[in-house]
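This report refers to the structure that appears directly beneath it.
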Amino acid sequence: VKAISHTENHYACIDDSKCTACGACVYQCPFGAIQDKSFLLDALRLIRESDHNKNYKVYAVVAPSISSQFVHVKVGQVIGTANGFMSVPVHASISGEVTAVEQIPYLGASPVMAVSIKNDFTDTWEELKPLGSVEQVDPSLVIPAIQNAGITGMGGASFPTHVKLSGGIGKVDTIIVNAGECEPYIVADDRLCREMPEKLISGIQVIMKILGLKEAHIGIEDNKPEAIKALKANVADTGVIVDVLPAMYP
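Add 6 to a position in the sequence shown, counting from 1, and you land on the number used in the working numbering.
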């Protein structure tokens, strides 16, 4: 949300009028300045207790239907409802009986509400209601669907994906997907491209649909021939282009 700016002396400052108390600054300081655990806890406490956090709730709240014990839930059922635009719902990852709705210790200084579920090992799923094909779906329905699905970034701040994508509507003319690994022995992107190229391309198409773009680029290093082959086999007529780049480190 561009709440962080720099002074003439290169100090980083947070603009209170723009800060939504998302916590990203605490976890993603580019200078590694936040290292002391006590300082981290204090920073999180201040974020949670700030006036802005009263208006922009980052955390979900327990769903009304899960307000007591002995309720049976299914995989994918909402057990925590979003509490504002900067929040996403929480879904049950297993099916079973709710055994407790209580506060538990968390990363910050204050405990958070949690729903405990006794696994019945049946993996019974909540009924899903897909929007339809990427080609035919109404773009205005996709952002709310992403929020309702509880999708967030996988970094420490868990920044909501629907917020990030909303900020690009009407402002982005090119999508560049970084499929290059940041360290020599990391293979997460490589394996994803090899094993799930169809889902990866489909996800890119969803972003293209949201932003109203016809073209996207995947940048990948030339030392990943299997991944390159898998991607190129799935990009026909999708508007996604695979750009093979020379492998360099650092």
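No residue lacks a Cβ here, since even glycine has one placed at the ideal position from N, Cα and C.
Predicted model, so just to flag it, every value in this text is computed and none were measured.
| Asked | Found |
| --- | --- |
| Contact under 8 Å by Cβ, Glu187 with Asp196 | yes |
| Assigned exposure category for Pro111 - 16 Cβ within 10 Å defines buried | exposed |
| Identified DSSP bridge partners for Val107 | Val121 |
| Ile149 versus Lys170, Val193, Lys135, residue with shortest Cα-Cα distance | Lys170 |
| Contacts around Lys63, its chain only, beta-carbon distance under 6 Å, and the 5 residues preceding and following it disregarded | Because the pLDDT of Lys63 is 36, which lies under 50, any placement of that residue in the model is unreliable, and the number read from its coordinates should be weighed accordingly. Asn89, Gly90, Ser93. |
| Cβ contact (3+ pairs, closer than 8 Å) linking the segment 198–205 and the segment 157–164 | no |
| Nearest-angstrom Cα separation, counted from Thr87 out to Asn229 | 44 Å |
| Selected residue, minimal CA-CA separation from Gly176, among Gln153, Met214, Gln109 | Met214 |
| Cβ shell of Gly174 (< 6 Å), same chain only, five flanking positions each side left out | Leu217 |
| Ser208 - partner residues in DSSP beta bridges | Paired residues: none, contrary to the question. |
| Outcome for Leu206 when other beta-carbon atoms lying within 10 angstroms are tallied against a minimum of 16 | buried |
| Where the beta strand (DSSP E) through Glu201 begins and ends | Counting along the chain, Glu201 falls outside any beta strand (DSSP E), though it belongs to the alpha helix (DSSP H) covering 194–201. |
| Spatial distance of Leu113 from Ala242 (CA atoms) | 45 Å |
| Three-state secondary structure (DSSP) of Thr180 | coil |
| Beta-carbon gap between Leu219 and Ile181 smaller than 8 Å | yes |
| Proximity to Thr105 [Cα-Cα], best of Val77, Thr128, Ile85, Val81 | Val77 |
| Gly225 beta carbon less than 8 Å from that of Ala185 | yes |
| Contact belief for Ile100 with Val121 at Cβ below 8 Å, rounded distance in angstroms | The Cβ separation is near 11 Å, so there is no contact. |
| Nearest-angstrom beta carbon gap, His97 and Gln83 [assumed within contact, 8 Å] | 6 Å |
| Which listed residue (Ser116, Val140, Ile10) has its alpha carbon closest to that of Ile210 | Val140 |
| Ala239 classed as buried or exposed, judged by whether at least 16 other C-beta atoms fall within 10 angstroms | exposed |
| 3 or more residues per run - each beta strand (DSSP E) lying fully within the segment 224–256 | 246–251 |
| Within 8 Å, strictly: CB atoms of Asn154 and Pro95 | yes |
| Range covered by the beta strand (DSSP E) that runs through Val84 | 84–87 |
| Closest by C-alpha distance to Pro1, when choosing among Ala163, His168, Glu227, Pro145 | Lying before the first or after the last residue shown, residue 1 is absent from the chain, which here runs from 7 to 256. |
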